[in-house]
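In full-length UniProt numbering, the protein residues as written are 1 to 396.
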């Protein structure tokens with residue numbers, strides 16, 4: 001590996017990452033974390049803009065006479081989970097945990113900002129984007145874009161990293177769709193309630209919901225070509241709150257994941273068609289709520305190729321997979337990629353062997369209560385960000 005020399009000792013950023021891990025904050029509530037980010041950037045001489053999308057922070061670093069610009073993004077928020085790890089830097093707050101590694105993402109980008117602020121070995125403008133509220137469909141990225149992120153802080157392209165369960169220090173990406181869209185749906189079926197002993201006096205919406213749930217399991221292959229990937233999951237169902245009551249309404253819900261807007265459109269239309277038809281067959285009326293939380297993460301080919309070249313320089317060609325298959329997980333960085341060219345990529349967090357002995361009983365995968373970010377990859381991710389900024393801004 002060819003890491004930036006100043007990252008030979010990253011103890012300060014490991015300590016910073018663990019401090020953030022101990023004090024996780026949920027989306028749009030990252031006040032302490034944002035304050036730490038802003039204070040560190042100011043300490044290093046980076047121009048700071050706080051309060052963007054509530055708790056977001058943008059650091060602007062200019063050098064030389066170049067007019068080129070780049071955006072580097074990290075996410076700040078934690079998840080509403082109870083951490084099972086027992087090591088010293090475990091969460092100090094019940095019901096909140098950095099189970100997705102955003103503490104590490106923040107530390108990597110801060111390390112890159114520190115190096116560039118000290119060395120000034122670039123020509124142009126680097127925008128360090130610390131985004132709130134990536135988790136739980138809160139769409140902090142969209143809110144930043146809507147509040148004029150790229151108008152206030154012009155970026156020719158924007159890049160981000162996320163830790164992933166691939167071997168430590170490896171990079172994975174592709175030049176197209178990398179992550180799925182995230183959509184939630186709920187069909188409420190309206191009938192007429194009655195006592196369960198007299199079903200003939202009412203109109204049972206529960207039977208319609210059960211029928212609809214079964215039929216939706218076969219919808220995707222009927223509306224999506226077999227050459228594409230898409231998923232519809234039925235994950236929730238609710239009827240009466242009492243065993244002897246046929247309710248006035250019942251509902252069924254779940255998630256839809258796709259890699260194109262067209263596929264999402266087709267599935268939404270199919271759910272509506274099935275819901276209306278099945279409800280009518282049961283003498284009921286259906287009402288569909290379909291929420292598009294995040295579009296698919298679609299990398300731009302030129303920027304993805306550029307990023308992959310930088311990765312190969314940092315870790316070697318054998319540690320870069322630039323044809324990584326798309327995953328069904330979602331990420332709201334998609335909104336930034338719809339506004340500007342760029343690339344999203346994964347950095348290997350390993351299989352959990354890095355965890356301290358007092359870790360929880362579960363696997364070291366994101367959104368697990370036994371997860372912990374791998375501090376060994378802080379200098380790798382930070383070196384990537386530094387080299388990416390330097391090379392992007394040096395382009396003619």
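Beta carbons: idealized from backbone N, C-alpha and C, even for Gly.
*Contact between the region 305-313 and the region 371-382: three or more CB pairs below 8 Å?*
no
*Can you tell me whether DSSP reads residue 65 as helix, strand or coil?*
For the purposes of this step, residue 65 is taken as the residue at position 65 of the chain shown. Coil at residue 65, not helix or strand.
*Residue from 376, 342, 337 and 93 whose Cα sits closest to the Cα of residue 356*: Counted from its first residue, the chain shown places residue 356 at position 356. Here the closest residue by C-alpha is 376.
*Going along the chain, which residues of its own chain have a beta-carbon closer than 6 Å to the beta-carbon of residue 145, five neighbours each way excluded?*
Walking along the chain shown from the start, residue 145 turns up at place 145. Answer for residue 145: 335 and 339, listed in chain order.
*Give me the Cβ distance between residue 64 and residue 9, rounded to the nearest whole Å; I'm assuming they're in contact under 8 Å.*
Residue 64 sits at position 64 when you count from the first residue of the chain shown. Residue 9 sits at position 9 when you count from the first residue of the chain shown. Cβ atoms of residue 64 and residue 9 stay farther apart than 8 Å, at about 28 Å.
*Please state whether DSSP places residue 302 in a helix, a strand or coil.*
As a position in the chain shown, residue 302 is number 302, starting the count at 1. In this structure, residue 302 counts as helix in the three-state DSSP scheme.
*asked:* When you compare the region 322-337 with the region 170-179, are there three or more beta-carbon pairs, one atom per stretch, that lie closer than 8 Å?
replied: Taking 8 Å as the limit for Cβ pairs, the verdict is that the region 170-179 does touch the region 322-337.
_The beta strand (DSSP E) that contains residue 182, what's its start and end?_
Residue mapping note: residue 182 aligns to position 182 of the chain shown, counting from 1. Start and end: 182-190.
*Within its chain, find whatever has a CB closer than 6 Å to the CB of residue 129; leave out the 5 residues flanking it on each side and keep chain order.*
Position 129 of the chain shown, counted from the start, is the residue given in the question as residue 129. Closer than 6 Å at Cβ, skipping near neighbours: 58, 71 and 73.
*Along the beta strand (DSSP E) that carries residue 251, what are the first and last residues, could you check?*
By 1-based counting over the chain shown, the position of residue 251 is 251. Segment 249-258, the beta strand (DSSP E) holding residue 251.
*Does the Cβ-Cβ distance between residue 284 and residue 208 come in under 8 Å?*
Along the chain shown, read from residue 1 onward, the residue named residue 284 stands at position 284. Along the chain shown, read from residue 1 onward, the residue named residue 208 stands at position 208. In contact: residue 284 and residue 208 (Cβ atoms closer than 8 Å).
*Between residue 224 and residue 107, what straight-line distance do the alpha-carbon atoms span, to the nearest angstrom?*
Locating residue 224 in the chain shown gives position 224, where the first residue counts as 1. Locating residue 107 in the chain shown gives position 107, where the first residue counts as 1. CA-to-CA, the gap between residue 224 and residue 107 works out to about 41 Å.
_Considering Cα atoms alone, identify which of 33, 366 and 157 is closest to residue 21._
The residue given as residue 21 occupies position 21 in the chain shown. If we check each option's Cα against that of residue 21, 33 comes out closest.
_C-alpha distance - residue 66 paired with residue 388, whole-angstrom precision_ = Position 66 of the chain shown, counted from the first residue, corresponds to residue 66. Position 388 of the chain shown, counted from the first residue, corresponds to residue 388. Roughly 16 Å between the two C-alpha positions.
*Please name the residue in 274, 206, 142 and 314 whose C-alpha comes closest to that of residue 7.*
Walking along the chain shown from the start, residue 7 turns up at place 7. Measuring from the Cα of residue 7, the nearest candidate turns out to be 314.
*To which residues of the same chain is residue 138 closer than 6 Å at the C-beta, ignoring the five residues directly before and after it?*
Translated into positions along the chain shown, residue 138 becomes position 138. Only 27 meet the Cβ criterion.
*Leaving out five residues on either side along the sequence, give the residues of the same chain with a beta carbon under 6 Å from the beta carbon of residue 149.*
Sequence index remark: in the chain shown, residue 149 carries index 149 (1-based). Here the set comprises nothing.
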